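Engineer:
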Amino acid sequence: MKVVILGLIMLVSQIAAYGQSSGGVDEIFLARDDGNGKAGEAVSRFFTTDIPIYCVVQLASDASVTVKMNFVAVAVAGVKPETKVVTTSYTTKQGQSRVNFSGKPYDKWSVGKYKVEIYVDGKFAKDLVFDIRPASGTPDGAAFFQSKTKPLAPTAPRPKPAAKPKRN
Numbered sequence: 015m016k017v018v019i020l021g022l023i024m025l026v027s028q029i030a031a032y033g034q035s036s037g038g039v040d041e042i043f044l045a046r047d048d049g050n051g052k053a054g055e056a057v058s059r060f061f062t063t064d065i066p067i068y069c070v071v072q073l074a075s076d077a078s079v080t081v082k083m084n085f086v087a088v089a090v091a092g093v094k095p096e097t098k099v100v101t102t103s104y105t106t107k108q109g110q111s112r113v114n115f116s117g118k119p120y121d122k123w124s125v126g127k128y129k130v131e132i133y134v135d136g137k138f139a140k141d142l143v144f145d146i147r148p149a150s151g152t153p154d155g156a157a158f159f160q161s162k163t164k165p166l167a168p169t170a171p172r173p174k175p176a177a178k179p180k181r182n
């Protein structure tokens with residue numbers, strides 16, 4: 015009898031653990047704009063010109079919850095590590111299981127490593143680390159560009175102009 019009860023307890027605990035998601039979140043992903051003002055395909059790298067950046071949170075249920083997103087600078091030049099760049103939250107309505115956050119800078123993103131942290135009803139659920147890289151053709155991309163031009167050949171010195179006659 016003790017073996018059966020112990021086995022039943024183990025089975026129930028395994029089912030309960032299997033049914034739990036990470037803080038009520040099935041999936042989070044980041045995306046660029048699809049060209050129509052909505053989140054496109056999931057990506058893990060961005061360029062400084064990718065504006066806005068979307069964070070899509072797929073919840074494990076459609077119950078009403080408050081979802082909070084912290085957009086954090088992890089390793090960005092000139093920014094203290096772990097600085098929260100953007101913090102926003104949204105309370106879903108009954109039946110909603112997806113939250114779309116978006117963020118954009120005043121000008122363009124700074125190059126570096128970032129992460130988004132997701133909280134559901136005040137409890138940490140998941141985070142996602144990503145990079146923002148220089149876009150080609152932008153000043154912050156210049157460090158990665160090396161010119162292949164050759165130095166100009168030396169030129170012969172110019173002759174001095176003839177002296178002008180003096181007036182009396």
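Position one of the sequence shown corresponds to residue 15 (this note's numbering), numbered consecutively onward. Every residue, glycine too, gets a C-beta built ideally from N, C-alpha and C. From a predicted model like this one, the values you see are computed outputs, not experimental measurements.
(1) Is it buried or exposed, residue 121, if we count other Cβ atoms within 10 angstroms and call 16 or more buried?
(2) Under three-state DSSP, which class holds residue 50?
(3) Assuming residue 43 and residue 123 are in contact, meaning their beta carbons sit under 8 Å apart, how far apart are those beta carbons, in whole angstroms?
(4) Can you tell me whether residue 126 is helix, strand or coil according to DSSP?
(5) Can you find the residues in the same chain that come closer than 7 Å, C-beta to C-beta, to residue 117, ignoring five residues on each side of it along the sequence?
(6) Following the continuous beta strand (DSSP E) through residue 181, name the residue where it begins and the one where it ends.
(7) Classify residue 82: buried if its beta carbon has 16 or more other beta carbons within 10 angstroms, exposed otherwise.
(8) Going along the chain, which residues of its own chain have a beta-carbon closer than 6 Å to the beta-carbon of residue 135, five neighbours each way excluded?
(9) Can you grab the Cα-Cα spacing for the pair residue 94 / residue 87, in whole Å?
(10) Please return the same chain residues whose Cβ sits closer than 7 Å to the Cβ of residue 89, not counting the five positions on each side in sequence.
(11) Between residue 55 and the rest of its own chain, which residues show a CB-CB distance below 7 Å, the 5 nearest in sequence each way excluded?
(12) Would you check if the distance between the CB atom of residue 111 and the CB atom of residue 72 is smaller than 8 Å?
Structural biologist: The relevant details are as follows:
(1) The count along the sequence shown starts at 1 and reaches residue 121 at position 107. Burial call: exposed.
(2) Position 36 of the sequence shown, counting from 1, holds the residue named residue 50. Coil.
(3) By one-based count along the sequence shown, residue 43 stands at place 29. By one-based count along the sequence shown, residue 123 stands at place 109. Rounded, the Cβ-Cβ distance is 18 Å, inconsistent with contact.
(4) As a first step, residue 126 is located in the sequence shown; it is residue number 112 there, counting from the start. Per DSSP, reduced to three states, the secondary structure at residue 126 is strand.
(5) Locating residue 117 in the sequence shown gives position 103, counting from the first residue. For residue 117, where only same-chain residues beyond five positions count, the Cβ hits under 7 Å are 66, 67, 85, 100.
(6) As a working mapping, residue 181 is identified with position 167 in the sequence shown. It is not in any beta strand (DSSP E) - residue 181 carries neither H nor E in the DSSP assignment.
(7) Indexing the sequence shown from 1 puts residue 82 at position 68. Buried.
(8) Translated into the one-based positions of the sequence shown, residue 135 becomes position 121. Same-chain partners within the cutoff: 79, 80.
(9) The residue labelled residue 94 in the question sits at position 80 within the sequence shown. The residue labelled residue 87 in the question sits at position 73 within the sequence shown. The straight-line gap from Cα to Cα measures roughly 8 Å.
(10) The residue you call residue 89 lines up with position 75 of the sequence shown. Counting only Cβ-Cβ distances below 7 Å, and skipping sequence neighbours, we find 95, 126, 127.
(11) Working through the sequence shown from its first residue, we reach residue 55 at position 41. Excluding sequence neighbours, residue 55 sits near 45.
(12) As a position in the sequence shown, residue 111 is number 97, starting the count at 1. As a position in the sequence shown, residue 72 is number 58, starting the count at 1. With a cutoff of 8 Å on beta-carbon distance, residue 111 and residue 72 are scored as near each other.
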